[in-house]
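When we follow the numbering used here, the leftmost residue of the sequence shown carries the number 8, and every step to the right adds one.
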Amino acid sequence: MSTNPLISEPVKDLVSRLEAMTDDELFAIMNELEKASEAAEGEAAEEILARIALAESEIERRYPGRLLAPYRDWKQRQPLL
């Protein structure tokens, strides 16, 4: 199992944390998960993709009908990404 807490923490704990995060924190987590998914293979990739889906769901819950537009907008405003 990965040593990255985003990947190794129980899903239930991740969901609770996502719900309590600010938008910036949520978007940063989504960005980290996307980067991790690019390097992962096999079961690890599947686990990361499942966690990305959880983050996507939280973004869509906060911004109904906007899909991931708020996250993409946030990424464009980040000079160091």
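Note that the Cβ used here is the ideal one computed from N, Cα and C, for glycine as well.
query: Roughly how many angstroms lie between the CA atoms of ALA62 and TYR78, to the nearest whole one?; result: 10 Å
query: Judging by CA-CA distance, which residue of GLU45, GLU39, SER64 and TRP81 is the nearest neighbour of SER23?; result: SER64
query: Give a yes or no on whether the C-beta atoms belonging to ILE55 and ALA43 are separated by under 7 Å.; result: yes
query: Are the CB atoms of ARG58 and LEU40 within a distance shorter than 7 Å?; result: yes
query: Roughly how many whole angstroms lie between the Cα atoms of MET8 and TRP81?; result: Residue placement at MET8 is flagged as unreliable, the pLDDT there being 46, under the threshold of 50; the coordinate-derived value follows with that caveat. Their backbone Cα atoms lie some 30 Å apart in a straight line.
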